[in-house]
Ligand SMILES: CC(C)(COP(=O)(O)OP(=O)(O)OC[C@H]1O[C@@H](n2cnc3c(N)ncnc32)[C@H](O)[C@@H]1OP(=O)(O)O)[C@@H](O)C(=O)NCCC(=O)NCCS
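Residue numbers (the working numbering): 7 to 197.
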């Protein structure tokens, strides 16, 4: 099977939180959120450089619209209590192995209440149950304890470390911890 179903445009995480395509959120709003969180995001994500500007957020939204459901770059805004709170996206590795990678970030002020754990759990469910994937991956800087804890809470298994793989916005190379969850494990966990 090489065809991929269209990703859902609305993913309801819980009563307070839903996922919507990033291009449905005004780029100005998303940019303001990134701008406010720039230093905190830049520690672990490469895009949040001092040069990141509104035009980059606009381009990102345009590319996300263009690639939606086609090249597999499904980028969602996390909308919490009707306000954008971060993003979560899915990137396909390829058609034949049916593996995807999930990446995410959250407004610093909204950390600590499980928004991301629940969003990752829901998107993982979408990947297995609606998109028919075989494997979901998450990667994080080995020093990114909060991100690794999200993967572990959702039930991902630690696969190992790829050395000096990640580059952050400050140009620092870091070792990357890799996690995965297989369809068989997902099915076992559900029963
Ligand atoms: C990584 C990141 C998303 C984690 O955010 P987070 O707030 O720790 O994650 P969650 O939203 O799942 O919240 C988990 C916390 O809420 C608590 N929590 C409360 N209710 C919860 C619930 N119902 N379910 C799960 N956790 C819950 C957990 O115990 C945990 O608390 P702790 O921080 O004291 O351990 C965030 O730190 C971030 O965006 N960092 C910068 C960018 C980044 O690193 N992105 C990832 C790159 S790989």
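Beta carbons: idealized from backbone N, C-alpha and C, even for Gly.
In this structure, the C-beta of residue 111 approaches ligand 1 to less than 6 Å from one of its heavy atoms. A contact between stretches requires three or more CB pairs, one per stretch, nearer than 8 Å, and the stretch 18 to 37 meets this requirement with the stretch 75 to 94. Just so you know, the alpha carbons of residue 123 and residue 160 end up roughly 7 Å apart. With contacts defined by Cβ atoms closer than 7 Å, residue 186 and residue 141 form a contacting pair. Scanning the stretch 27 to 84 from its first residue to its last, the whole alpha helix (DSSP H) runs of 4-plus residues come out as 33 to 42, 44 to 48, 60 to 73. Using a cutoff of 6 Å, the CB of residue 29 does not count as near ligand 1, since none of the ligand's heavy atoms is closer than that.
Per DSSP, residue 102 is not a residue of any alpha helix (DSSP H), being assigned neither H nor E. Pairwise C-beta distances place the stretch 112 to 126 out of contact with the stretch 49 to 63, as fewer than three of them are shorter than 8 Å. For the beta strand (DSSP E) assignment, the uninterrupted runs of no fewer than 3 residues enclosed by the stretch 114 to 176 are, from N- to C-terminal side, 141 to 147, 163 to 173.
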